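Structure record follows, encoded as structure tokens.
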Amino acid sequence: MLFDYSSAFHSKTNSSGKSEAKASLKARLVILNSQKKIKTPALKSLTKKQIEEFKDQKISFVLDCSNNSLVAYVAPKLSLKLSAKQLSEYAPYRDDVGAALRAILAKKPDSISVEFEDISEDAFVGAMVGIELATYSFVDRSKELPKFAFDYSVNPELLEKSLAIGKATQVARHLVNLPPNRLNPKTFADLCKSEFKKSKGWTSEVWDEARLKKEGMNLHVAVGNGANEKSCLAILKYRHKSAQHHVALVGKGITFDSGGLDIKPSSGMRLMKKDMGGAAAVFGTALWAKDCAPELNIDFYLCLAENSIDEDAFRPGDIYQGRNGKTVEISNTDAEGRLVLADTLTLASEILAEIEMPSQIINVATLTGAGKVALGPDLASLFSNNDDLAHSLQNAGDISGDLCWQMPLHQPYNSYMKSSFADLENSASTGYGGAITAALFLENFVKHPAWAHLDIYAWKDSAGGVYADKGGSGQGVQLLIRHLDALTQIKTTQTKSNVTKKGTKKSV
């Protein structure tokens with residue numbers, strides 16, 4: 000399988016029961032309640048200052064190595080994130096438990112006992128996700144991990160929720176890490192079909208290049224003209240009988256981006272296997288939905304293509320007509336991600352226009368370097384035409400620790416994409432505000448009152464914290480899961496007759 004990997008909960012070498020063999024080094028991971036006064040036994044290998052710093056929460060975990068045993072005590076410090084109005088226990092427990100586990104794994108124990116000391120449900124889920132993320136390594140994915148024994152008594156549904164979030168994020172990371180000679184538009188589309196073909200409540204289909212042309216999705220087709228594996232669109236549809244909301248998730252899936260004829264320098268091309276990070280996030284979120292069956296209707300679109308070069312590659316100066324009838328002049332072949340998204344945003348808008356329940360479109364894409372210059376690699380740039388949707392996503396990001404920050408859709412910047420020969424150009428005439436102009440280009444293809452665009456990085460440049468290696472980060476997955484999970488709590492009796500028209504705001 001393309002996403003075959005080893006981790007704490009998804010490995011043939013591990014068990015959630017007690018270790019069967021006598022271990023030469025036994026480790027304990029003790030997860031404490033940060034809301035209560037921290038009481039620990041004597042930590043023999045630590046100084047008095049270290050113990051006091053831990054109890055005063057100046058440090059989040061301590062490692063005690065003595066008498067051929069290893070104990071890590073974790074008590075994350077809770078703090079507000081960005082715009083959140085409440086403390087998040089999920090994200091601190093995920094990050095600090097994961098970091099503590101990585102410190103344990105560095106000592107190469109034979110077994111690890113994980114113990115929970117009266118923590119909240121959100122802290123438990125975060126801790127379990129942190130354990131899952133910390134044990135993933137692309138290079139060492141076949142390496143045998145220690146035996147894990149979990150000492151807990153929790154609601155089985157809560158445990159399944161934890162494992163589903165961890166798996167969804169992990170798979171998104173793994174897909175981004177795969178080399179482009181293994182993950183291309185065809186193999187990614189085949190994965191979508193095989194993974195969901197026998198799942199209850201799901202349908203899947205793939206629109207190949209011929210179907211895309213038939214559907215008028217010429218912008219998407221153009222990007223893949225120069226590649227051996229042509230453009231395609233993978234569509235996954237999930238339906239729940241109790242759904243009162245309908246969501247369309249659209250992911251950019253450029254499995255490798257050479258830049259096209261406006262070719263990137265070698266340094267800029269080096270990480271371009273990750274240019275399908277948006278589609279990876281959408282696929283991971285679909286796996287979570289398959290495992291957790293949220294009371295929603297969700298359409299998942301993976302816009303797949305490879306931006307390569309041969310005599311058929313699209314060119315600067317070419318003009319293509321999108322599905323919505325607008326013509327686009329190609330001013331830069333390296334601004335290809337917005338082209339594959341544009342036609343599908345039109346398609347999703349058309350379908351949702353026929354839905355008689357509140358609905359929204361969210362696209363996820365590794366779209367611009369400008370977004371990273373503005374906010375760095377950890378915060379997604381969020382653009383939206385609907386304040387309620389934007390607030391929901393930003394709050395979901397704060398609580399999940401999968402952060403985003405709303406940026407302006409400054410309409411006058413549309414003038415930077417004015418063309419003398421078509422309705423618009425695909426790249427702005429100025430180097431300023433690149434993330435904004437990219438978002439504005441996408442907005443030209445949205446006919447829906449609740450749309451959001453997440454411009455992500457999808458990558459960790461170095462190991463650290465919960466991440467054992469550099470590589471795919473799974474960015475966007477936990478944010479989307481938290482948002483969709485919150486959406487299931489919103490009950491509504493709205494019908495199509497009172498769904499707000501474009502240009503106004505409505506509750507999402």
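One point on numbering: in numbering that gives the first Met the number 0, the residue at position 409 of the sequence shown is 408, and numbering is uninterrupted. Just so you know, even glycine gets a beta-carbon here, dropped at the ideal spot from N, CA and C. Being a predicted model, the structure only gives us computed values, none of them experimental.
Would you check if the distance between the CB atom of residue i and the CB atom of residue j is smaller than 8 Å?
i: Arg27; j: Val465; result: no
i: Leu478; j: Leu392; result: yes
i: Lys25; j: Asp109; result: yes
i: Phe187; j: Arg337; result: no
i: Ser354; j: Tyr300; result: Looking at the sequence shown, residue 354 is not Ser but Ile. Not in contact: Ile354 and Tyr300 (Cβ atoms no closer than 8 Å).
i: Leu525; j: Asn362; result: Given a span of 0 to 507 for the chain in the structure shown, any question on residue 525 remains unanswerable.
i: Gly252; j: Gly277; result: yes
i: Trp450; j: Ser383; result: yes
i: Thr436; j: Tyr415; result: yes
i: Glu305; j: Gly223; result: yes
i: Leu346; j: Ile360; result: no
i: Val205; j: Leu211; result: no
i: Leu483; j: Leu295; result: yes
i: Ala99; j: Ala122; result: no
In terms of residue numbering, what span does the alpha helix (DSSP H) encompassing residue i cover?
i: Gln393; result: Asp386 to Ser399
i: Leu511; result: As shown, the chain starts at 0 and ends at 507. That puts residue 511 outside it, with no answer to give.
i: Thr168; result: Pro155 to Asn176
i: Arg337; result: Gly336 to Leu351
i: Asp189; result: Pro184 to Phe195
Buried or exposed for residue i, going by 16 or more other Cβ atoms inside 10 Å?
i: Ser203; result: buried
i: Val138; result: exposed
i: Ile166; result: The sequence as given places Lys at residue 166; Ile does not occur at that position. Looking at its Cβ environment, which holds 16 or more other Cβ atoms inside 10 Å, Lys166 is buried.
i: Glu335; result: buried
i: Ile480; result: buried
i: Gly463; result: exposed
i: Gln56; result: exposed
i: Asp454; result: buried
i: Leu182; result: buried
i: Ser23; result: exposed
i: Gln488; result: exposed
i: Asp460; result: exposed
i: Glu194; result: buried
i: Asp63; result: buried
i: Arg322; result: buried
According to DSSP, is residue i part of a helix, a strand, or is it coil?
i: Ala20; result: Annotation note: pLDDT 45 at Ala20 (below 50); position unreliable, no value reported.
i: Lys25; result: strand
i: Gln359; result: strand
i: Pro129; result: Per the sequence presented here, residue 129 reads as Gly, with Pro not at that position. Residue state, collapsed to three classes: helix.
i: Lys107; result: coil
i: Ser65; result: strand
i: Ala226; result: coil
i: Glu52; result: helix
i: Glu143; result: coil
i: Lys38; result: coil
i: Leu453; result: strand
i: Leu303; result: strand
i: Tyr466; result: strand
i: Phe440; result: helix
i: Val138; result: coil
i: Ile489; result: coil
i: Tyr72; result: strand
i: Ile308; result: coil
i: Leu478; result: helix
i: Glu208; result: helix
i: Ile435; result: helix
i: Glu88; result: coil
i: Leu260; result: coil
i: Met416; result: helix
i: Asp423; result: Inspection of the sequence shows that residue 423 is occupied by Leu rather than by Asp. Looking at Leu423 - three-state DSSP - the assignment turns out to be strand.
i: His447; result: coil
Using 8 Å as the limit for Cβ to Cβ distance, is residue i near chain C?
i: His409; result: The structure shown contains no chain C; it is built from a single protein chain.
With DSSP as the reference, identify every bridge partner of residue i, one or two as the case may be.
i: Ser203; result: Leu235
i: Ala379; result: Cys403
i: Ala148; result: Ser112
i: Leu374; result: Leu374 pairs with nothing; no bridge assigned.
i: Gly471; result: Trp458
i: Asn296; result: His245
i: Leu408; result: For Leu408, which the question treats as bridged, DSSP gives no partner whatsoever.
i: Phe60; result: Val73
i: Ala364; result: Asp454
i: Ile30; result: Val73 and Phe115
Locate the beta strand (DSSP E) running through residue i, then write down its first and last residues.
i: Ala247; result: His245 to Asp256
i: Thr326; result: Thr326 to Glu328
i: Ile318; result: Ile318 to Gln320
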